[in-house]
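Encoded as structure tokens, the structure appears first; notes follow it.
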Amino acid sequence: MVDINALSSDDVVGTFPTSITQKRAWFMDQIHPGNRGLNIAVRWELRGPVSSDAVEAAFQKIVDRHEVFRTRFVERDGEPLQEVMRRVEFKLNRLDIRNLPEAARDEKLRQIAREHAEEPFDLSEAGLLRVAMVRIETQRAALLISVHNSVFDGYSIGVLGHELGSFLAAKEEGKPADLPELQLQYGDFAMWQADYEASGAFAEDEEYWRQTLEGMRYFELPPDRPRRAKEPESRSFAADLPADFETRLAETAKALETSVFALGTAAFGIALERISSRRDVSFAIQVAGRNEVDLEPLIGIFTNPIVLRFDVDPDASLSDHAKRTRDVVNGALAHQTLPFDRLVQVLNPPRDPLRIPLVSIMFNLQRAFLKERTYGSVELVSVQSHSPGTLYDLNVNIVGRNAGWRMVIDYNADLFDEVTIERLSKLVVEVFDGLMHRVETRIHEIDSGVPDVRAELVGELVPPEIRARPAAEPAERQSEVVSRLREIWSEVLALPAEKVTGNFFDLGGYSVLALRMLSKVGECFGVRPSLNAFLAEPTVEGLAALLEKAQPLAAPQKALESQPGAIWDLFELRKSSTGAPVLITVNQPFMYQALARQMTSDCAVASLNVPGMAQLNTLEQAGFDKAVDEALSPVLERYSGRPLMLCGLCVDGRVALRLAQRLKDKGQTVSCVAMIDTWAPGAIKAFSAFERGLDRWRIRLRRLRYYLGLRRQGEIGWGDVLRQNDFAAKLLSMFSRSPAKDETAILVDATVDRLVEQTKAYTFAHYDGEVALFVTRSQGMVPRDGVLGWSDLLLPDVAVFPVNGWHGDALMRSGFGRIIGVLDVKAARLNAVRTSDE
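Numbering-wise (the UniProt record's numbering), the sequence shown opens with residue 1 and increments by one.
Right, here's the structure in full:
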């Protein structure tokens, strides 16, 4: 395990956003730190002559190969990020129970497995993987693997097993492992998913789920005891299924013209209807989430829970219900890409800190992920593992292995007695048996064997004290604390302060916004209540009460409103002689420092940038046109009468173009506007959501190949490959400057986001000046006009320069040289004209 406190910034080789599912796991860990329900436990057996040193070396290679096993999670401004460490040393825990009597070994192994699986993880530490090798016999050992769900899923079990076997066989044979080079890492997927979500591509799936789940009541089984506010105790119940279960299951599915999995959901839905007496049955299933072939060899969390909702008619026959279930399952799978947390945001159900939103039950039916086989002289065998915990009231897994099929039910033991779970298990088997024998029994004829008195304990979905309250009448004199909290909520929720009344989640909040809000509360008051405490009383008044209970409040550190003042800062990166041309670059001054140093002509280079978050908030309030007009004064005051060139990357190019128009309106000479990868507003809409999503994925692949090419040429190191989206940090590193990664990266991202929002529907007037358009290799789709959608707004002779770089990388390396060369020539021409006039 890495000593995190000893790590320097050089140990972090890449920072990425979290995927949506990772964010959910992190969020649940914030509610219950060390939540055992987020641990994934796997148990294998190694049979054959294998040493613990060989196993440890194999796992080290796997950790080196997969960035996700070298990842830790950090919080910035209320949101989690994943940081990839350069190196994480893997240590295998070695145990030996051969000295115990053979009859005592199984029980000892179960004890070790239970302790190993239930040990919590700290997400702030890299290396969220533990492995213990327990020697049972000379050529037989158990491998106990525990991984945190934020970096691992069920499908990853098969990937991990295959790579472990491949590395063991390779060492035995004295040759490299037969594994293909990974084209992607998990961070690439997380970035792609963030872009895909921002593109609006989820809209169609959102509408499907909104209609499908409209009016759905929260489904949960009648408990044996009331639900309590504590982390639940989890237990498991297992039952072996008949030896011919798999064969009969496949034959029945074929006869009913459905899939094996859909047949399993049909049987389970019938059992739930019988035991609950509710025909509107809903539960979750997990989908693999690996729809692209390049994701298949990766380890990470790609799975996504989706909700199945069935109308289980008690008068229907078993087979008729199974046939109807097929359409429900197929429809859900066709819309599986919508992340579960996004679905929760869309439906916005009442929140209860004691329940998972939307569903209380998870179901799965499949063959075990590990493909049991022999690698060299070692056989790798899947064995049922100990379940460290469950996030759901019930987690029902029907799993097939070479040794046979088994039903394992992990359950909340605070709610259910084992006899209840055993009854459910027998009921599921009875329904399967009826389906397999084509019995035309009506569903209501199946006896659930459940006492009616248990139904009284279910109660409401959300206890009355947790429910959303009606908006309270505003007090005549609110406390300063409440007033400050309303300002924070207003900012986070993007609502007028007077509308900030009632439940945070009813106002449009969701988990990530709650974390962001609590982060701001901590900055303002010096006290940050726990997320779990806030969820119990998610109102401004409730939060104020939590602050007062925590400790006497210090005076707020600073006003939350943006201070009035200039939006823009203007300073020179490069000086020139009096009257020489000026190149004004928009935002991201770190990137343009290098450009300023490399230019050879007599030309000043100035940075016009938004210097901080307060100024960015002012920009947002002012609107695009007013914000650009604010830039006129400093530019004209300092450079009036001098020939100007303006340059901007991406959305900053739009700022440069609009500023050029306004400067020309004031009589100022603007010789050229350089726009790098700047699309005209709305041009992207010429492509369908599918084309945009597909293109983003292709871009990810091309970008990786581009940086790997630079790595092969020796131009960059592996750290640069990993930091490929943090261009400011790379440029600072290139010029031996200390990195200012945190605030700078956050400000750059926020500025881009807000300018994109302000200009995405902006209507530009025609510009009759000179424009140089630089297009990097990152632009996959190009409108037919060849000028990124600007053809109707610019002169017909607009110059287009292809750049051998990657978007922000255009200001570095070969692309950097191309842009400097063009702008240097233009500056030299302006100087020649100026000299001749003199």
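Glycine included, C-beta positions come from ideal geometry on N, C-alpha and C.
Given the structure is predicted, the values throughout are model-derived calculations rather than measurements.
Exposed or buried, what is residue i when buried is set at 16 or more other beta-carbons lying within 10 Å of its beta-carbon?
i	result
glycine 165	buried
arginine 76	exposed
glutamine 563	Here the model assigns glutamine 563 a pLDDT of 36, short of 50, so the residue's position is not dependable and the matter cannot be decided.
arginine 217	exposed
aspartate 677	buried
aspartate 447	exposed
valine 293	exposed
glutamate 257	exposed
alanine 765	exposed
valine 775	buried
threonine 835	exposed
arginine 72	buried
aspartate 53	exposed
aspartate 625	exposed
cysteine 628	It should be noted that the sequence gives valine, not cysteine, for residue 628. Looking at its Cβ environment, which holds 16 or more other Cβ atoms inside 10 Å, valine 628 is buried.
lysine 230	exposed
glycine 623	exposed
phenylalanine 525	buried
Would you kindly work out how many angstroms separate the C-alpha atoms of residue i and residue j, rounded to a whole number?
i	j	result
threonine 420	alanine 322	25 Å
glutamate 418	valine 396	14 Å
leucine 515	glycine 78	5 Å
arginine 47	arginine 324	45 Å
tyrosine 592	phenylalanine 152	40 Å
lysine 61	lysine 108	30 Å
alanine 238	phenylalanine 245	16 Å
serine 377	leucine 213	52 Å
serine 607	alanine 799	24 Å
glycine 641	threonine 669	7 Å
alanine 475	aspartate 753	Any reading at alanine 475 must be qualified, since the residue scores a pLDDT of 42, below 50, and its modelled position is unreliable; no value is offered.
serine 791	leucine 160	51 Å
isoleucine 356	glutamine 139	44 Å
aspartate 720	valine 12	Residue confidence is low: aspartate 720 scores 46 on pLDDT, short of 50, so the model does not pin down where it sits. Its coordinate-derived value is still stated next. Cα-Cα distance, rounded: 11 Å.
proline 297	tyrosine 155	10 Å
proline 226	aspartate 352	14 Å
glycine 786	leucine 221	60 Å
proline 496	serine 490	6 Å
leucine 595	glutamate 181	35 Å
leucine 380	threonine 15	35 Å
lysine 371	arginine 528	47 Å
threonine 759	threonine 618	16 Å
leucine 823	leucine 92	57 Å
methionine 675	aspartate 797	15 Å
leucine 179	glutamine 82	26 Å
arginine 723	aspartate 749	Residue placement at arginine 723 is poorly supported in this model, since its pLDDT is 46, which falls under 50; the coordinates still yield a value, given next. When rounded, the distance between both Cα atoms is 15 Å.
glutamine 345	leucine 143	40 Å
arginine 290	valine 328	21 Å
Which same chain residues, not among the five before or five after residue i, have their C-beta less than 6 Å away from its C-beta?
i	result
aspartate 341	Ile20, Arg24
aspartate 652	Val586, Asn587
arginine 130	Ser146
Leaving out the 5 sequence neighbours to the left and right, which residues in its chain are closer than 8 Å to residue i when beta-carbon positions are compared?
i	result
alanine 255	Arg438
leucine 95	Ile112, Ala132, Met133, Val134, Arg135
valine 582	Ser576, Cys603, Ala604, Val605, Ala606, Tyr639, Arg642, Pro643, Leu644, Met645
serine 234	Arg36, Gly37, Ser387, Pro388, Gly389, Thr390, Asp410, Tyr411, Asn412, Ala413
Going along the chain, which residues of its own chain have a beta-carbon closer than 7 Å to the beta-carbon of residue i, five neighbours each way excluded?
i	result
aspartate 29	Asn35, Leu38, Leu123
glutamate 456	Note on glutamate 456: pLDDT 40, under 50, position unreliable in the model; the coordinate value appears next. Excluding sequence neighbours, glutamate 456 sits near nothing in its chain.
threonine 751	Asn587, Val610, Leu616
glutamine 598	Ile820
proline 339	Ile20, Thr21, Asn304
Worksheet item: Could you give the uninterrupted runs of the alpha helix (DSSP H) lying entirely in the region 99-136, keeping only those of 4 residues or more?
Response: 102-118
Item to complete: Within the region 300-352, note down every full beta strand (DSSP E) run reaching 3 residues or more, in order along the chain.
Response: Counting only unbroken stretches of 3 or more residues, the beta strand (DSSP E) elements lying wholly within the region 300-352 are 304-311, in sequence order.
Discussion item. In chain order, what are the residue ranges of uninterrupted alpha helix (DSSP H) at least 4 long that sit wholly in the region 124-194?
Written reply: Taking only runs of at least 4 residues, the alpha helix (DSSP H) segments lying wholly in the region 124-194 are 154-173.
Discussion item. Under 8 Å: do the region 304-313 and the region 280-287 share three or more Cβ pairs, one atom per stretch?
Written reply: Judged by Cβ distances under 8 Å, the region 304-313 makes contact with the region 280-287, as three or more pairs qualify.
Fill in: Uninterrupted beta strand (DSSP E) stretches inside the region 382-417 (no shorter than 3 residues)
394-401, 404-412
Discussion item. When you compare the region 259-279 with the region 290-307, are there three or more beta-carbon pairs, one atom per stretch, that lie closer than 8 Å?
Written reply: Contact between the region 259-279 and the region 290-307 is absent, because fewer than three Cβ pairs lie under 8 Å.
Worksheet item: Which parts of the region 596-656 are runs of the beta strand (DSSP E), unbroken and 3 residues or longer, counting only runs that do not cross its ends?
Response: With a minimum length of 3 residues, the continuous beta strand (DSSP E) runs that stay inside the region 596-656 are 604-609, 644-649.
Practice prompt. Counting only runs of 3+ residues fully inside the region 229-309, write out the beta strand (DSSP E) ranges in chain order.
Written response: 234-240, 280-287
Discussion item. Does the structure place the region 387-394 close enough to the region 193-203 that three or more beta carbon pairs sit under 8 Å?
Written reply: no
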